[in-house]
Amino acid sequence: MTTLSPTGAQAAPAVPAAGADTADGATRPVVPTDDATVRRAPVSLQYWAFGTSRAWAPTRLAATAVAGGQSTVSWAAPVRGARSVLAYVATRRATVDGVAQVRADFVTVRSASVRYTDLAPAVRYTVTVQPLSVTGFGPSAAIALASPAVAPGAPTGVTARPGDAAGTVAVAWQAPDRTGGAALTGYRIVATPAGGAAGAPVSVPASARTTVLTGLTAGTRYRLAVSAVSSAGTGSAAVVEYTVPVPAPVGPSVAALDTAAQRVVRVAHDGTVVPLGSSTLTRGDSIAVDAAGDVFAADRGGDTVLRYAAGTGTQSTVGSGWTDPQQIQTDAQGRVYVLDGTRVVRIAADGTSTTVLGTVDKARFLVVDAAGNASVLWDSSYRVWKITTLPAAGGAPVVRSLEPGYGIRSARIAADGTLYLEREASGGSGASWIVRVAPGSVEETQFSDRNAIYAYTVDPAGALVLLQSRNECLVPNTDAGCVSDRAVDDVLTVPAGADAGTTTPVSGLALPVGGLDAAADGLYVARTGGGPAGLVRYGIDGGAPTVIAAGAFADPEVLTAS
Numbered sequence: 002m003t004t005l006s007p008t009g010a011q012a013a014p015a016v017p018a019a020g021a022d023t024a025d026g027a028t029r030p031v032v033p034t035d036d037a038t039v040r041r042a043p044v045s046l047q048y049w050a051f052g053t054s055r056a057w058a059p060t061r062l063a064a065t066a067v068a069g070g071q072s073t074v075s076w077a078a079p080v081r082g083a084r085s086v087l088a089y090v091a092t093r094r095a096t097v098d099g100v101a102q103v104r105a106d107f108v109t110v111r112s113a114s115v116r117y118t119d120l121a122p123a124v125r126y127t128v129t130v131q132p133l134s135v136t137g138f139g140p141s142a143a144i145a146l147a148s149p150a151v152a153p154g155a156p157t158g159v160t161a162r163p164g165d166a167a168g169t170v171a172v173a174w175q176a177p178d179r180t181g182g183a184a185l186t187g188y189r190i191v192a193t194p195a196g197g198a199a200g201a202p203v204s205v206p207a208s209a210r211t212t213v214l215t216g217l218t219a220g221t222r223y224r225l226a227v228s229a230v231s232s233a234g235t236g237s238a239a240v241v242e243y244t245v246p247v248p249a250p251v252g253p254s255v256a257a258l259d260t261a262a263q264r265v266v267r268v269a270h271d272g273t274v275v276p277l278g279s280s281t282l283t284r285g286d287s288i289a290v291d292a293a294g295d296v297f298a299a300d301r302g303g304d305t306v307l308r309y310a311a312g313t314g315t316q317s318t319v320g321s322g323w324t325d326p327q328q329i330q331t332d333a334q335g336r337v338y339v340l341d342g343t344r345v346v347r348i349a350a351d352g353t354s355t356t357v358l359g360t361v362d363k364a365r366f367l368v369v370d371a372a373g374n375a376s377v378l379w380d381s382s383y384r385v386w387k388i389t390t391l392p393a394a395g396g397a398p399v400v401r402s403l404e405p406g407y408g409i410r411s412a413r414i415a416a417d418g419t420l421y422l423e424r425e426a427s428g429g430s431g432a433s434w435i436v437r438v439a440p441g442s443v444e445e446t447q448f449s450d451r452n453a454i455y456a457y458t459v460d461p462a463g464a465l466v467l468l469q470s471r472n473e474c475l476v477p478n479t480d481a482g483c484v485s486d487r488a489v490d491d492v493l494t495v496p497a498g499a500d501a502g503t504t505t506p507v508s509g510l511a512l513p514v515g516g517l518d519a520a521a522d523g524l525y526v527a528r529t530g531g532g533p534a535g536l537v538r539y540g541i542d543g544g545a546p547t548v549i550a551a552g553a554f555a556d557p558e559v560l561t562a563s
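Below, the structure is given as structure tokens:
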């Protein structure tokens, strides 16, 4: 049957340009079209479109698996009315992120397929294909496309800052803009040092927005990569570069005599040397530190005792009428004791001076325990040494006589009053040894076991800390091949009350030294041999020293942590 156009109507028009069959067979997107749309077309087009029976639905719809957001949907011509089909309309529908999306493509008969390259991950699409013939749109056929989830995008806003502890970094980030269609299950952070292998990945939950990486090396530059993780895999990384700062040295400062400048100085843990006070010393022989951190110096050549205030280092004089202030000590109550010639003077916290021990002939050493019991070691006659102790609570001095026939080169005291002495042989052999004398006793316990020279101190726990040279040739020397070797191989530590101790190997040190003092973090030594002169520290594990400051120092006294 033939359907005629109304009088004066033009012949059936070609398919509109938006869906025209092009020489290259391309498809053109159009607005979805149905019969109602056609009925609103000009009368001539309506007559043309509805004049004959319609084509059936396309057949054999198929789709390639979605990969990389791409898929091709293809079909075959209807089993009926195929010759009348002018084109197809493929309409794709989906809901993406809560928003309904519709896309329609006008497809040529020759193509009979449509390729999608913009499929979002983890979205289900429905594609319907309708034939358009001279009679209008025919029934549609549909197929579903399932787009799989993909790995998430890179996190955003990645930053790095120093952690609270040394060798740590706090890494922060925000969630990626794209999750890839699957819920995030966590984040993966990897630190890679410059020129090195990547470290073990650190995994945190999806709710995390920061983590702290530990075990990083100070001064090293790291590449910090943060990736989001989902069931679809690990996404691309967001990267930030970070250099681990070198921490400023932390530890106690040390007061010492700068023997070259004849000044009392404070040496910070970072090596900064700050002179205390406003003047030099004429002959500074001894310094001491009280519980408040004030530093006291006995200027033997200037017959003065100076105080340097904690923190500021402001200088002031203490006491008056000094004749030969040669040694200075403090107790736990902040009182200062000075061996001035043959007398002992105690200076209270308010500055009041009191002579607590009168004339002590041939006084050589002054030591004071934590309670304030002051002891003077003196040579009453040739090689007969005595200890005169003035009780802190008052009362008559207590005198003890040590084993005669041996001299004393130096003396130290523990907080509980235990004495450590370097004894020396009579004559000119040069032999010496280290002994311990318990409070109130005269019995001597010897610790050194070879011909050597020594340097020693007492640590805060009351242990003897002893340096011994490898060998010292005595006089007269019965071994013609003897060679003195003053290098120090280890530190001997004997706990309070023990008869034996443990050794810790050290290097870079030779005796004699300008003095030493023990603290919780190690042993501070005014080194004069075995390496460049200066103030050095040996850690509790020994080994090579850390050079704090170069220079000529003596009588180091550890201050409070700074």
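2 is the number of the first residue of the sequence shown in this note's numbering; add one for each residue after it. For every residue, glycine included, the Cβ atom is placed at its ideal position computed from N, Cα and C. Keep in mind the model is a prediction, meaning the values are calculated, not measured.
query: Using 8 Å as the threshold, is the C-beta distance between I409 and R451 below it?; result: no
query: Tell me the start and end of each unbroken beta strand (DSSP E) in the segment 385-456 that is at least 3 residues and wholly inside, in chain order.; result: 385-391, 399-402, 408-414, 420-425, 433-438, 445-447
query: So the candidates are L475, A439, V438; which of them puts its Cα closest to the Cα of A453?; result: L475
query: Is it buried or exposed, R125, if we count other Cβ atoms within 10 angstroms and call 16 or more buried?; result: exposed
query: Output needed for T353: all residues of its chain with C-beta closer than 8 Å, excluding positions within five of it in sequence on either side, in chain order.; result: none
query: Does the segment 268-280 come close enough to the segment 240-259 to have 3 or more Cβ pairs within less than 8 Å?; result: yes
query: If you compare alpha carbons, which of G216, G530, T221 is closest to A195?; result: T221
query: For S141, which option in P132, S470, P440, T318 has the closest C-alpha, if you only look at C-alpha atoms?; result: P132
query: Roughly how many whole angstroms lie between the Cα atoms of A393 and N374?; result: 5 Å
query: Per the DSSP calculation, A345 is bridged to which residue(s)?; result: Checking the sequence, you will find Val at residue 345 rather than Ala. Partner(s): L340, L358.
query: Assuming R125 is part of the beta strand (DSSP E), what are its boundary residues?; result: 125-134
query: Checking 8 Å against the spacing of the C-beta atoms, do T235 and R189 come in under that value?; result: yes
query: Which value, in whole angstroms, describes the spacing of the CA atoms of L468 and V159?; result: 53 Å
query: Between which two residues does the beta strand (DSSP E) holding Q334 run?; result: Per DSSP, Q334 belongs to no beta strand (DSSP E) and is neither H nor E.
query: Leaving out five residues on either side along the sequence, give the residues of the same chain with a beta carbon under 8 Å from the beta carbon of A462.; result: P496, A497
query: Compute the distance between the beta-carbons of G523 and A555, then report whether it is under 8 Å.; result: no
query: In whole angstroms, what separates the C-alpha of T180 from that of A520?; result: 56 Å
query: Can you give the Cα-Cα distance for W323 and S442, rounded to whole angstroms?; result: 32 Å
query: Quick one, which of L560, V438, E558, V526 has its alpha-carbon nearest D500's?; result: V438
query: Report back the beta-carbon spacing between P506 and A456 to the nearest angstrom; my notes put them in contact at under 8 Å.; result: No, P506 and A456 are not in contact; Cβ-Cβ is about 17 Å, not under 8 Å.
query: Closest to P557 by C-alpha separation, out of V436, P405, A198, V290, would be which residue?; result: V290
query: Which of the three DSSP states, helix, strand or coil, is assigned to S208?; result: coil
query: Could you pull out every residue in the same chain whose Cβ sits closer than 7 Å to the Cβ of V559, ignoring the five residues on either side in sequence?; result: P253, V255, D518, A520, Y525
query: Please state whether DSSP places R84 in a helix, a strand or coil.; result: helix
query: In angstroms with no decimal places, state the Cα-to-Cα distance between T355 and V400.; result: 21 Å
query: In the structure shown, what three-state DSSP assignment does S75 receive?; result: strand
query: Taking the alpha-carbon positions, what's the S287 to G428 distance?; result: 28 Å
query: Please report the distance separating the alpha-carbon of P276 from that of T260.; result: 12 Å
query: Give me, in chain order, the residues of the same chain whose beta-carbon lies closer than 7 Å to that of V296; leave out the 5 immediate sequence neighbours on both sides.; result: A256, V265, L277, I288, V290, Y309
query: What is the DSSP secondary structure of N472, reduced to helix, strand or coil?; result: strand
query: Under the three-state reduction of DSSP, which class applies to G560: helix, strand or coil?; result: One point to set straight first is that residue 560 is Leu, not Gly, in the sequence displayed. Correct three-state label for L560: strand.
query: Just checking my contact of L367 with V345 at CB under 8 Å: how many whole Å lie between their CB atoms?; result: 6 Å
query: Residues in the same chain with beta-carbon distance under 7 Å from G335, minus the five sequence neighbours each way, listed in chain order, please.; result: D291, A292, A293, A350
query: Can you name the residues that DSSP bridges to Q330?; result: Y338
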